[in-house]
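In our numbering, the protein residues as written are 2 to 152.
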Amino acid sequence: MLAGVPAEPTVCAGRRLRATLAQALSARARPGAVSPHTIVINGYANAYSGYVSTYEEYLVQEYEGAATQFGPHTLAAYQTMFRRLAAMSPPDDPTADEPGPAPDRFDPARLICQRIAGRRSPIVPAPATLEHLRAFSPDLDPTIFAPQALS
Numbered sequence: 002m003l004a005g006v007p008a009e010p011t012v013c014a015g016r017r018l019r020a021t022l023a024q025a026l027s028a029r030a031r032p033g034a035v036s037p038h039t040i041v042i043n044g045y046a047n048a049y050s051g052y053v054s055t056y057e058e059y060l061v062q063e064y065e066g067a068a069t070q071f072g073p074h075t076l077a078a079y080q081t082m083f084r085r086l087a088a089m090s091p092p093d094d095p096t097a098d099e100p101g102p103a104p105d106r107f108d109p110a111r112l113i114c115q116r117i118a119g120r121r122s123p124i125v126p127a128p129a130t131l132e133h134l135r136a137f138s139p140d141l142d143p144t145i146f147a148p149q150a151l152s
């Protein structure tokens, strides 16, 4: 099982989170079933919210404890949420271990062709116009900009 965490757990916090998941998955397993497979805690998943330290590490306030942004109970919050997530997946689901759909293939040549054709990617902002800039600064002097830079 791969557990994605949008943070960087310390070694001890990661071990506690893995133990919580193992216990939650074992509790929902069928009678006589083998205990859960290997559990991997994957940090930096989809975001980064800083360090996750144990309560004790937070109290010491060394580097990781001091950099735990959401307080001494951050790990407990993650443990609670992962326990809930583990309980949500049905134990008898035969497709649980099957891989999901393949992601779209990234094609840099296609992206370049789209950019050349004038279609903008959603992550690239449109260039600012004089009207956009005037919304922030009504007394903006338009003569300081080159005519081709703003339309």
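Quick reminder that beta carbons are idealized off the backbone N, C-alpha and C, glycines included.
All of these numbers come straight from a predicted model, not from anything done at the bench.
Environment of residue i [buried if 16+ CB atoms lie within 10 Å]
i      : result
VAL12  : exposed
GLN62  : exposed
GLU57  : exposed
ARG106 : exposed
LEU60  : exposed
LEU18  : buried
Top-ranked residue by Cα proximity to residue i, from the options
i     : options                       : result
LEU86 : LEU22, GLY15 and GLU9         : LEU22
GLN24 : PHE83, ALA118 and GLY44       : PHE83
ILE40 : VAL6, ASN47 and GLN70         : VAL6
GLU9  : MET2, TYR45, ASP108 and ALA67 : TYR45
Three-state class that DSSP yields for residue i in the structure shown
i      : result
THR11  : coil
ALA118 : coil
ILE40  : coil
TYR79  : helix
First through last residue of the alpha helix (DSSP H) which encompasses residue i
i     : result
VAL6  : Where VAL6 is concerned, there is no enclosing alpha helix (DSSP H), given that its DSSP letter is neither H nor E.
GLU65 : 64–67
TYR59 : 56–61
- Task: Count the CB pairs spanning the stretch 106–114 and the stretch 48–56 that are closer than 8 Å, and state whether there are at least three.
- Result: Contact fails: fewer than three Cβ-Cβ distances are below 8 Å.
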